[in-house]
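Let me begin by presenting the structure, written as structure tokens, before commenting on it.
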Amino acid sequence: MTLLIFGGTGTLGRQIVRKALENGFQVRCIVRNKRAANFLKEWGAELVYGDLTLPETLPLSFQGVTAIIDASTTKSEDTSELISVDWYGKLIVIELSKYAQIKRFIFLSILNSEKYPYITLMQMKYRVENLIKSSGVPFTIFKYAGFFQALINQYAIPLLERKPILITVQSPTISYIDTQDAAFFCIKSLSINEAQNKVLATGSSQTWTAEEIISLCEKLSGQKAKTQTISIYLLKVLRQITGFFEWSLKISDRLAFIEVLNNDQNFASSIKYTYDVLDIKPNEILELDLYFREYFEMILNLLENLNAEQLEKTKTSFI
Ligand SMILES: NC(=O)c1ccc[n+]([C@@H]2O[C@H](COP(=O)([O-])OP(=O)(O)OC[C@H]3O[C@@H](n4cnc5c(N)ncnc54)[C@H](OP(=O)(O)O)[C@@H]3O)[C@@H](O)[C@H]2O)c1
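The sequence shown maps to residues 2 to 320 in the working numbering.
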């Protein structure tokens, strides 16, 4: 079976490529820069040049393809670029999928995208979800709250660098997932008929508030975090003053999620449903505390060795 993957160089995309290859799929990746994507070729994937903003670069790559996994998105701060990639680009991919009679289209979306039409990325995600559902192409849509990997930048690095960590009053409990596990869910769904035409909320089985993540990081690093608290009410007011969502994506990524994910009581049961459909046991999935434990052990080890080396250099420089 040949899998066509968009976004194969991305944080989640590369794990999907790796997992697909491990499971014996032929993998073709659409990439914008073949040199930067060379590591995917070394793993065994075929690279084809393509850009979602250049429709003419896409059709040929659909030849002989059975299934598509779309893990692409833009992190551009420019709204028109966002619409170009995350809406128009997807329109073309869906049209081409119909034409090529693709057997499964896996799309990666964001939890609660339907509730926030005034957030451009959310609106685009929700529109694409609907378009896929009405396209006639068999699909599976995975919806995430966030990846473990993003929490390194959000919590671990500021803590290690003694910079402030932004949190909200009454921070919501959120279920994150490791990208390796998110990739496992995607690839497994391809062989499960029951996953066809389903929208599946995806996360690990434990949920975390920002305060809990911070105290976990403090415990593992042995350092005290500096936090800066901001109210969700203030965020909403700020957004109205600044004219809906003309914030930078970087900020909206971080802060919009806080509002979006706040108090979603159905999340736990939606996640359980996903595990049942895909026949995955919670103990097969990495939990955040273990992920952070490995991260801090690695970093602290590295720091210790670096310091020792530096100390050695400093010592010998006096000789
Ligand atoms: N990150 C999260 O916490 C989170 C949460 C919920 C949902 N999601 C969804 O999960 C998916 C993967 O997210 P991620 O964080 O792994 O994304 P990412 O690391 O930002 O990767 C984005 C990928 O899209 C590709 N891309 C961007 N513009 C393109 C274009 N014009 N044409 C072709 N490819 C293009 C990038 O290729 P280049 O290497 O060429 O830039 C890259 O491979 C996305 O759909 C995202 O919305 C993510």
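Every residue, glycine too, gets a C-beta built ideally from N, C-alpha and C.
Residues near S206 in its chain [Cβ-Cβ closer than 6 Å; skip 5 each side]: Cβ within range, chain order: P283.
First and last residue of the uninterrupted beta strand (DSSP E) at D71: A68 to D71
Rounded separation between L112 and A309 - CA only: 45 Å
DSSP state of I17 mapped onto helix, strand, coil: Helix, per DSSP.
Contact under 8 Å by Cβ, G204 with I178: yes
DSSP state of T203 mapped onto helix, strand, coil: Reduced to three states, the DSSP call for T203 is strand.
Contact between the region 165–173 and the region 19–35 (3+ Cβ pairs under 8 Å): no
Closest residue to D79 among D87, A72 and I175 (Cα-Cα distance): Ranking the options by Cα distance to D79, first place goes to D87.
Helix, strand or coil at R294 [DSSP, three-state]: helix
Segment limits, alpha helix (DSSP H) that includes L221: A211 to S222
Check: N34 C-beta below 7 Å from any heavy atom of ligand 1: Yes, since a heavy atom of ligand 1 falls inside the 7 Å radius drawn around the Cβ of N34.
Run of the alpha helix (DSSP H) containing Q124, from where it starts to where it stops: T121 to S136
Which of helix, strand or coil DSSP assigns to T3: In the structure shown, T3 sits in a strand (DSSP, three-state: E or B).
Beta-carbon gap between P118 and N198 smaller than 8 Å: no
Rounded distance between the beta-carbons of V200 and I142, thought under 8 Å: 4 Å
Per DSSP, the bridge partner or partners of E47: E47 is bridged to R29.
Beta-carbon spacing of G9, V18 below 8 Å: yes
Per-residue burial, S277 [other beta carbons within 10 Å of its own, 16 or more giving buried]: Reading off the sequence, residue 277 comes out as Asp, not Ser. With fewer than 16 other CB atoms across the displayed protein chains lying within 10 angstroms of its CB, D277 is exposed.
Candidates T74, E82, I93 and N39, of which the one nearest P60 by Cα: I93
Span separating the alpha-carbon of E247 from that of S81: In this prediction, E247 has a pLDDT of 44, which is less than 50 and means its spatial position is unreliable; nothing more can be read from the coordinates.
Start-to-end residues for the alpha helix (DSSP H) that takes in Q150: F149 to L152 is the extent of the alpha helix (DSSP H) around Q150.
Run of the alpha helix (DSSP H) containing F268, from where it starts to where it stops: F268 to L279
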